[in-house]
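Sequences listed follow chains A and D, in order. Just so you know, we're using this note's numbering here: the first sequence kicks off at -14 and counts up by one. Just so you know, we're using this note's numbering here: the second sequence kicks off at -14 and counts up by one. A short write-up of the structure that comes next.
Protein chains: 2
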Amino acid sequence: MAKPTPLSGFPELLPAQRQVEQQVLATLASTFELHGFGSIETRAVEPLDQLLRKGDTSKEVYLLRRLHEESAEGHAGMGLHFDLTVPFARYVLENAGRLEFPFRRYQIQKVWRGERPQEGRFREFTQADIDVVGRDTLPFHHDVEVARVMLDALARLDFLPGFRLQVNNRKLIQGFYAGLGVSDEGIDEVMRLVDKLDKLPSDKVRELLVSDAGITDEQAERCLALAAIRSVDDSFVARVRELGVDHPLLDEGLDELSTLVRACAPLATEAVRIEADLSIARGLDYYTGTVFETRLDGYESLGSICSGGRYDALASDGRTTYPGVGISLGVSRVLVPLLQRGLVTADRSVPSVVLVAVTDEESRGDADAIATALRANGVPCEVAPTAAKFGKQIRHAERRGIPFVWFTSPEGTGEVKDIRTGNQVAADPATWQPPTHDLRPTVSRLASLAPQPPMNKETNP
Amino acid sequence: MAKPTPLSGFPELLPAQRQVEQQVLATLASTFELHGFGSIETRAVEPLDQLLRKGDTSKEVYLLRRLHEESAEGHAGMGLHFDLTVPFARYVLENAGRLEFPFRRYQIQKVWRGERPQEGRFREFTQADIDVVGRDTLPFHHDVEVARVMLDALARLDFLPGFRLQVNNRKLIQGFYAGLGVSDEGIDEVMRLVDKLDKLPSDKVRELLVSDAGITDEQAERCLALAAIRSVDDSFVARVRELGVDHPLLDEGLDELSTLVRACAPLATEAVRIEADLSIARGLDYYTGTVFETRLDGYESLGSICSGGRYDALASDGRTTYPGVGISLGVSRVLVPLLQRGLVTADRSVPSVVLVAVTDEESRGDADAIATALRANGVPCEVAPTAAKFGKQIRHAERRGIPFVWFTSPEGTGEVKDIRTGNQVAADPATWQPPTHDLRPTVSRLASLAPQPPMNKETNP
């Protein structure tokens, strides 16, 4: 077999890179669980009509077909999921009678999109989603909750660049446009055009607002003024009020967004910030209140790497409606570019803290016994594959980043050498422990990845 | 949207069932890491020519096609992997220059097979594989290693029924047949027929050995006598010798198998046993030495739930050959039937140990502060969704199996009630800890699942 080549858009990690990903995923999962979110997994496939319900044809779906398809049965109508929201909504409806609401779940799984691969865009990638879903109603404090949980999780990923969580509220935007006199039908079009501000110059958007959405120059001006407002505290409220628009839905949106920003501000750090950004709308998605996007410091070109919001009808079976609020972190989108550039690394490629040296093949059993004692003590270790010269066994450990080598003595104990310092001491495998920070591979980033200073440092706590 | 119905062959778990699966997967992963095995994941898709290389058409492959396929490019030739061995062999070849050998990896992932669904057979399921792969050579002690690692992992799954690991050696079988005078071409056919002993009566197999493999009655008799030998220690060696066959390959196989059984015997417990079973051959798979199968006590009809063996050429690029030895646990095959029958359960459906009660909506912030303090202490918790009467909040906890309810006092501390016992004490959220066994959901099995006594109890250590 010739040497295989990678498949574009299907990233795979080397063992040391996977150590980094594992630590990220474990940190996310344990943080979500601290906040009472339970794990679920859904099957990889959904019926095609479900996958196409959102009507967003840019998410190219992979269809499944059996190699030995005898009939038109079944699989012709199945595809791989392209996000975790569609499957979650289906899971909630399917199991509603067996779930307790409000239902908090996290879901960390691969998703697939038949897109053209590019930086940060993959055909197979891992997402980490949290959602809270209610039956009939879901109080607003759950919007605050999901933002706080994700901020807590991101703050614990301290070997990554900083994050900026940008929040807005659809009620605020829609109420503002309605208060300006834009018709119900015009509001969606205005929102769609304003959402293009990250791609088009503001003058071009103003032009389109007049030509395509049919609003006046004066209305367009104020829509753009609204979208220009940002703040890391609730000072955005006064700036919106200065634009002189009144509407009950606008009031509701301002109230929700300021509550959210005030509740999240105490969690902000230098590396993880939150700001109200009134340009955020989340395009065509069916959000009805809070919306989230997130930028990775220094990697703004990746777009939003953590997005979500409030759906007043995440799912509905006609009789009962299930409102939800959630946020989804693009794990691969953040990690893969950093790992591929070697900007974030683990200091070993194996879990082993100790390599137990083998004096000769006859005494391999003694080395195995040392390893068994270390493992009983929770110390990951491996036994040298051959009874090579000790220098060669030490280099074997070095190449894998294993920090300690154990030399067995005939009495069943021995000496343990820290091969980074050369320090060697007598030790008993039944009680020996490495320093806690050596128990797992250490993940670190290059200094150049240090987070940039926050935009409005003085207002952060 | 009408209520969705499950898809046959694609099992999904409810939150409490998923807690059980998570604990199984975490136990497997941490055991594998204690033994120095690192995690990797491979993409879900492989080129179709790779997937069909094994020539086993019974593993029906799912092909991928993009919904908006503009050209014949790419995806026409891609399918979902049906095991983790084919992708691992490809990963080793693709990354050989960047891996350290011997390379130990574990891989816990979903695989897909377009088979007809039945008990223990799914179209999407999770496997947990461990393998050690060498470059050019791989000493036999790694065969012993993977058996010991899997025994250690299975023994830690003490809420499952017992396991019986059955081991044999292809060299032993092939050497025996060769020593009997069976031709090189006949050996594979004899092995294939003897492998049918679990489905056909022994008389029928004897008949086929004569008619299809072309061996004599006397030869067939001794092949069946060999396959009837089982022992939990190395006493099988003497019984094979009594059959009066001599061959250097037989000697090698006997030596390897007895080494393996002796090295594993000290790890056997009542629940997890090992035995030499000379009928095990692993059919058409390309094993060249050690072979493994495993039966789940009381669920023998599931077939082997954990199988593997030694491949002298797991992968090869023409210049370099990579021998490997590994074993694969069918996690879904074991767990899903037990979970679906409710025989193994978790005592709560959420990770939360504590529900922090809310006195009124105005003081929700106080409850949030208690929760933040508990989380800083590593205690998973959630805050009540509404300020209902305390009786209702307690029932909210009960329905989820949350063992403790925290009542906040105005000073920011409060009282914590164990709702199982009714015991309520004053407590400080900065220091309070639940009993360690309450930190995570407790997984338990029905008493009827207690392991059966081992077959040869007196010979277990």
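For glycine and all other residues, C-beta sits at the position ideal for the given N, C-alpha and C. Here the structure is a predicted model, which means the values were calculated and not measured.
Compare the C-alpha of Val5/D against each of Val316/D, Gly21/D, Ala354/D and Gly397/D and name the closest.
If we check each option's Cα against that of Val5/D, Val316/D comes out closest.
Chain A partners of Asn80/D, CB-CB under 7 Å?
Per Cβ cutoff of 7 Å: Leu(-1).
Phe(-5)/D CB to nearest chain A CB: under 8 Å?
Yes, because at least one Cβ of chain A sits closer than 8 Å to the Cβ of Phe(-5)/D.
For a cutoff of 8 Å on Cβ pairs, would you count Arg191/D as touching chain A?
Arg191/D does not count as touching chain A.
DSSP three-state label for Phe(-5)/A, please.
Correct three-state label for Phe(-5)/A: coil.
Starting from the C-beta of Glu443/A, find all residues in its chain whose C-beta is less than 6 Å away, skip the five residues before and the five after it, and write them out in chain order.
For Glu443/A, the predicted structure reports a pLDDT of 36, less than 50, and the residue's modelled location is therefore unreliable. The matter cannot be settled from this model.
Three or more C-beta pairs under 8 Å: does that hold for the stretch 98 to 117 of chain D against the stretch 324 to 333 of chain D?
Contact fails: fewer than three Cβ-Cβ distances are below 8 Å.
Quickly, what does DSSP pair Ser149/D with across the bridge? List them, please.
Strictly speaking, residue 149/D in this sequence is Arg, with Ser absent from that position. DSSP output for Arg149/D lists Arg258/D and Arg280/D as bridge partner(s).
If you follow the alpha helix (DSSP H) that Arg3/A is in, where does it begin and where does it stop?
Unbroken alpha helix (DSSP H) run through Arg3/A: Pro0 to Leu19.
Taking C-beta to C-beta, are Ile25/A and Gln92/A nearer than 8 Å?
Contact: yes.
Between Arg385/D, Asp302/D and Met63/D, which has its C-alpha nearest Pro32/D's C-alpha?
With distances taken between Cα atoms, Pro32/D lies closest to Met63/D.
To the nearest angstrom, how far is it from the Cα of Pro(-11)/A to the Cα of Arg75/D?
Looking at the two C-alpha atoms, the distance is approximately 7 Å.
Between the stretch 339 to 351 of chain A and the stretch 370 to 383 of chain A, are three or more C-beta pairs nearer than 8 Å?
Short answer: they touch.
For Ala298/A and chain D, any beta-carbon pair shorter than 8 Å?
So, not an interface residue.
Going by other Cβ atoms of all chains shown within 10 Å of its Cβ, with 16 needed for buried, is Val46/A buried or exposed?
Val46/A should be labelled buried.
Contact between the stretch 410 to 417 of chain D and the stretch 361 to 369 of chain D is defined here as three or more beta-carbon pairs at a separation below 8 Å; is this criterion met?
Touching, per the Cβ criterion.
DSSP three-state label for Arg332/A, please.
It is worth fixing the name first, because residue 332/A is Asp in this sequence and not Arg. In the structure shown, Asp332/A sits in coil (DSSP, three-state: anything other than H, G, I, E or B).
Would you say Gly274/D reaches chain A, if we count a Cβ-Cβ gap shorter than 8 Å as a contact?
No - not a single Cβ of chain A is within 8 Å of the one on Gly274/D.
Start and end of the beta strand (DSSP E) containing Val117/D?
Residues Glu109 to Val118.
Restricting to Cα atoms, I'd like to know which of His422/D, Glu367/D and Ala138/D is closest to Asp351/D.
With distances taken between Cα atoms, Asp351/D lies closest to Glu367/D.
Which ranges would you report for the beta strand (DSSP E) in the stretch 129 to 211 of chain A if only whole runs of at least 3 residues count?
Qualifying beta strand (DSSP E) stretches, in chain order: 148 to 154.
Rounded to whole angstroms, what is the Cα-Cα separation between Arg3/D and Phe73/A?
Near 15 Å, if we compare the C-alpha coordinates of Phe73/A and Arg3/D.
According to a CB-to-CB cut-off of less than 9 Å, which residues of the stretch 370 to 382 of chain D neighbour chain A?
The residues in question are Pro370, Thr371 and His381.
As an exercise, report each continuous beta strand (DSSP E) stretch of at least 3 residues that is fully enclosed by the stretch 334 to 405 of chain A, in chain order.
Here the runs fully enclosed are 339 to 341, 366 to 368, 389 to 393 and 399 to 403.
Check each candidate in Pro102/D, Arg38/D and Val117/D and name the one with the smallest Cα separation from Pro86/D.
The amino acid at residue 86/D is misidentified as Pro; the sequence shows Phe. Residue Val117/D is the option with its Cα nearest to Phe86/D.
With a cut-off of 8 Å, does the C-beta of Glu18/D fall near any C-beta of chain A?
Yes - at least one Cβ of chain A is within 8 Å of the one on Glu18/D.
State the DSSP-derived secondary structure class of Phe125/D, mapped to helix, strand or coil.
Reduced to three states, the DSSP call for Phe125/D is coil.
Identify the continuous alpha helix (DSSP H) that holds Leu320/D and give its terminal residues.
Looking at the DSSP string, the run of the alpha helix (DSSP H) that includes Leu320/D is Val316 to Gln325.
Step through the CB atoms of chain C and report whether any lies within less than 8 Å of the CB of Val230/A.
In the structure shown, chain C cannot be found, because the protein chains are A and D.
Report yes if the C-beta distance between Leu178/A and Asp197/A is below 8 Å; otherwise report no.
Result yes, Cβ atoms of Leu178/A and Asp197/A sit closer than 8 Å.
Starting from the beta carbon of Cys249/A, find every residue of chain D whose beta carbon is closer than 7 Å, and list them in chain order.
Near Cys249/A there are no residues of chain D at all, since even the closest Cβ is about 12 Å away, more than 7 Å.
Are Gly294/A and Gly274/A closer than 8 Å when you measure CB to CB?
Yes, they are a contact pair.
For Ala298/A, report the span of its beta strand (DSSP E) as first-last.
Looking at the DSSP string, the run of the beta strand (DSSP E) that includes Ala298/A is Cys291 to Ser301.
Which of helix, strand or coil does DSSP assign to Phe86/D?
It is coil, neither helix nor strand.
Judging by CA-CA distance, which residue of Ser286/A, Gln409/A, Ala266/A and Ala248/A is the nearest neighbour of Lys156/A?
For Lys156/A, the nearest C-alpha among the options comes from Ala266/A.
Could you check whether Asp423/D and Val329/D sit closer than 8 Å to each other, using their CB atoms as the reference points?
No; because the gap between Cβ atoms is not below 8 Å, this pair is not in contact.
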